[in-house]
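K.L.:
First residue of the sequence shown: 1, per full-length UniProt numbering; consecutive thereafter.
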Amino acid sequence: MAASPAKNAVRGNGVARSCETAAQTREWMEAIASFLGGHRPLLEAHVVNFFKDRLWETVDAEWMECLRGEPVESLLMLPSGCVQDHWPSSLQEFLLTARSLVLPREQKSTQSFLPNSRVASIGTVLAQGMNTKKKHEIETLSAMVDAIARSSGAKTVIDVGSGQGYLAQALSFEYQLPVVAIDASSHHASVTNSRAERIKKHYAAKCVEKQQFKVPRTVTCHVLSSDTLAAVTLDACQDDHGQHVTKTNVPQLVLAGLHACGDLSVNMLRVFVSCEKVQGLVSVGCCYNLLSEDCYEDTDTCPGFPISKAAKSSKLFLGKSIRDLACQSAERWRNLTKEMALQNFDIHAFRAAFQMVLEKYFPEVSKLSPSIGRQGKALRRQRLRKVMESCSSMRKADDLSYSNPKEQNLNADGSLPTGPTNPKGAVGCCSSECCTGDTYSTSGVDDSSISEVNVGSSDIHHDACYKFTLFKDFTVSGLGRVGCDLVEDVHLFEIWKDVQHFTVCLSWNALFYYVLLLYDDSKK
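1) With a cut-off of 8 Å, do at least 3 Cβ pairs link the region 156 to 168 to the region 215 to 222?
2) Kindly provide the ranges of any alpha helix (DSSP H) runs that are 4 or more residues long and lie completely inside the region 94 to 128, ordered along the chain.
3) Ignoring anything shorter than 3 residues or poking outside the region 182 to 234, list the beta strand (DSSP E) runs there in chain order.
4) Return helix, strand or coil for SER313, following the three-state DSSP convention.
5) DSSP state of GLU20, grouped into three classes?
6) Over the uninterrupted alpha helix (DSSP H) stretch that includes GLN355, give me the two end residues.
7) Could you name the residues of the same chain whose beta carbon sits closer than 6 Å to that of LEU486, not counting the 5 residues immediately before and after it, in chain order?
8) Note down the Cα distance separating SER186 from HIS39, rounded to an integer number of angstroms.
9) Would you call the region 251 to 261 in contact with the region 156 to 166, where contact means no fewer than 3 C-beta pairs closer than 8 Å?
10) Could you check the C-alpha separation between GLN92 and LEU78 for me, to the nearest Å?
11) Would you tell me roughly how many angstroms separate the C-alpha atoms of GLY280 and GLY262, rounded to the nearest one?
12) Drop a sphere of 10 angstroms on the beta-carbon of HIS348, count the other beta-carbons inside from all chains shown, and report buried for 16 or more, exposed for fewer.
13) Let me check understanding here. Comparing Cα to Cα, which of TRP496, HIS202, VAL278 lies closest to ALA149?
14) Let's see if you can read the secondary structure: which residues bound the beta strand (DSSP E) around LEU253?
15) What residues in its chain sit with their C-beta under 6 Å from that of CYS430, if we drop five residues either side in the sequence?
16) According to DSSP, which residues form a beta bridge with GLU293?
17) How would you write the range of the beta strand (DSSP E) that THR58 sits in, first residue to last?
18) Could you check where the beta strand (DSSP E) with GLN169 kicks off and where it finishes?
19) What are the start and end residues of the beta strand (DSSP E) that includes SER329?
20) Checking 8 Å against the spacing of the C-beta atoms, do ALA143 and ASN116 come in under that value?
21) Per DSSP, LEU281 forms a beta bridge with which residues?
22) So what's VAL83 in DSSP terms, helix, strand or just coil?
23) VAL357 and VAL482 - do their beta-carbons sit closer together than 8 Å?
24) Per DSSP, what kind of secondary structure is VAL179 in: helix, strand or coil?
25) CA-CA distance, ILE322 and HIS46?
26) Out of VAL83, PRO363, GLN164, which has the shortest C-alpha to C-alpha gap to residue 538?
27) Would you call the region 265 to 279 in contact with the region 223 to 238, where contact means no fewer than 3 C-beta pairs closer than 8 Å?
28) Check the C-beta distance from LEU258 over to GLU137 and give it rounded, since I have them as a contact under 8 Å.
29) What residue does the alpha helix (DSSP H) around VAL72 start on, and which one ends it?
30) Taking the C-alpha atoms as reference points, what is the distance between THR25 and LEU342?
31) Kindly give me the distance between the Cβ atoms of VAL160 and LEU264, rounded to whole angstroms, as I take these residues to be in contact under 8 Å.
32) Let's see if you can read the secondary structure: which residues bound the alpha helix (DSSP H) around ASP498?
33) Just the C-alpha distance for ALA205 and GLN212, rounded to the nearest angstrom, thanks.
34) If you compare alpha carbons, which of LEU269, GLN328, ASP227, LEU75 is closest to THR301?
35) In the DSSP assignment, the beta strand (DSSP E) including ASP159 goes from what residue to what residue?
36) Just curious, the alpha helix (DSSP H) that ALA147 is in, first and last residue?
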């Protein structure tokens with residue numbers, strides 16, 4: 001599991017970058033800052049505003065024309081920095097430069113840098129509630145923490161952001177290390193304590209000789225600064241008699257954190273540097289989008305980014321949109337099948353078009369509701385499941401219908417309907433709009449500025465009609481989630497007509513955003 005950053009990366013011109021010295025590291029940072037600065041409009045944009053802000057105009061027209069004819073498989077490799085020889089030289093240079101600025105990561109075994117470590121396989125009782133990935137993480141990280149604690153002479157481990165206590169319990173019961181588990185949630189502390197007592201009984205029953213098993217000590221605290229973390233750590237370190245230690249006799253410590261969220265990882269680094277009693281630090285950070293930033297946050301505490309003088313002097317600043325990108329994975333796109341990729345592109349298009357509905361008819365929700373983004377993610381997952389079910393049905397029945405009979409767009413014989421066929425209130429292809437021949441006729445919509453939209457051949461029409469159905473269903477569900485009703489004067493078809501010709505461009509822009517995921521490791 002352990003991945004360590006490599007020291008070198010090859011530049012676009014073949015010259016290796018290095019972070020072996022402070023000067024070389026600063027040069028690398030400045031190169032990243034310079035490249036990011038040239039693409040701020042794209043970086044600071046959000047895919048949900050694709051139609052509202054005409055974001056396709058932020059990408060070079062020659063690039064767009066080139067990518068228009070590329071297969072989906074080639075597009076999915078864009079975030080990984082892969083190029084084709086026939087692409088415009090400027091596009092190739094963009095991707096190769098981005099790739100050259102990445103801080104590489106090498107997969108290493110624990111034994112390669114901690115030769116005296118032992119990885120204990122945790123049993124079913126200790127692993128209860130863990131999936132395979134979590135079990136692997138706990139086994140590997142607990143072995144690393146144990147090796148570092150023993151080699152440094154540390155007597156206590158502070159598990160920062162302990163959650164339900166998986167790491168703390170593995171360290172306590174498998175490695176017999178005293179552990180203090182700190183978490184902001186009192187519920188997590190309660191779960192940790194209850195779970196530890198059950199595990200303790202299991203280990204006591206297995207033990208032939210009388211052995212005292214210590215359960216992790218839990219502390220509930222919101223760690224908002226490194227000073228808070230240092231104070232809580234000192235207060236939590238007690239000897240076997242329960243007597244509070246002082247600054248002079250505090251035991252040697254190791255700070256550990258598995259998925260320490262946002263600024264929590266940064267605060268651990270600051271405590272490690274400032275507190276001489278902290279002998280080791282083992283941290284796997286997460287939620288980089290939640291890092292506070294010097295030029296964006298109004299706070300009395302030290303920001304989470306940047307933390308080095310070199311980064312500050314290089315004027316390397318990110319912003320929320322870029323920090324959100326740090327949580328994405330280029331690998332995710334690279335591993336998608338063509339079918340899944342197209343479905344993802346559709347979901348991005350529906351969400352961006354849904355934003356147009358909010359902006360035009362519910363501006364107060366668009367501006368004031370802080371939960372639209374999270375609800376949008378849930379909605380995309382829900383929509384993707386439904387699209388997958390629908391596509392499966394289409395393959396079996398060779399039609400364009402939903403699994404829900406109320407949402408069918410075609411007649412029973414497979415022909416296009418000549419008039420409205422949906423029951424009143426049903427979410428259909430065009431609702432009061434009628435599908436006629438190779439056009440959408442919207443003469444039934446009061447006060448609509450749309451007369452008809454030519455969608456070409458019958459096959460194209462089938463697809464366009466189907467996509468509009470999906471968009472309308474997405475919008476009805478989305479408005480319900482943000483507490484809005486689909487009122488009569490919300491002409492979804494008018495919005496879809498305006499954006500449908502640009503939906504193909506959205507996938508390219510989305511992938512260009514993810515090209516900048518190449519900076520993921522540099523930011524981490």
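Don't be surprised by glycine CBs; every beta carbon is placed ideally from N, CA and C. Here the structure is a predicted model, which means the values were calculated and not measured.
P.N.:
Reading from the atomic positions:
1) yes
2) 110 to 113
3) 217 to 220
4) helix
5) coil
6) 338 to 361
7) VAL476, LEU479
8) 43 Å
9) yes
10) 10 Å
11) 20 Å
12) buried
13) VAL278
14) 253 to 261
15) Since pLDDT at CYS430 reaches only 35, below the 50 mark, its modelled position is unreliable, and no value is offered.
16) PHE305
17) Careful: THR58 lies outside any beta strand (DSSP E) and carries neither H nor E.
18) Per DSSP, GLN169 belongs to no beta strand (DSSP E); it is in the alpha helix (DSSP H), 166 to 175.
19) Per DSSP, SER329 belongs to no beta strand (DSSP E) and is neither H nor E.
20) no
21) LEU255
22) coil
23) no
24) strand
25) 9 Å
26) Outside the displayed span of the chain (1 to 524) sits residue 538, for which this structure offers no information.
27) yes
28) 6 Å
29) 72 to 75
30) 40 Å
31) 6 Å
32) 492 to 499
33) 12 Å
34) ASP227
35) 156 to 160
36) 132 to 152
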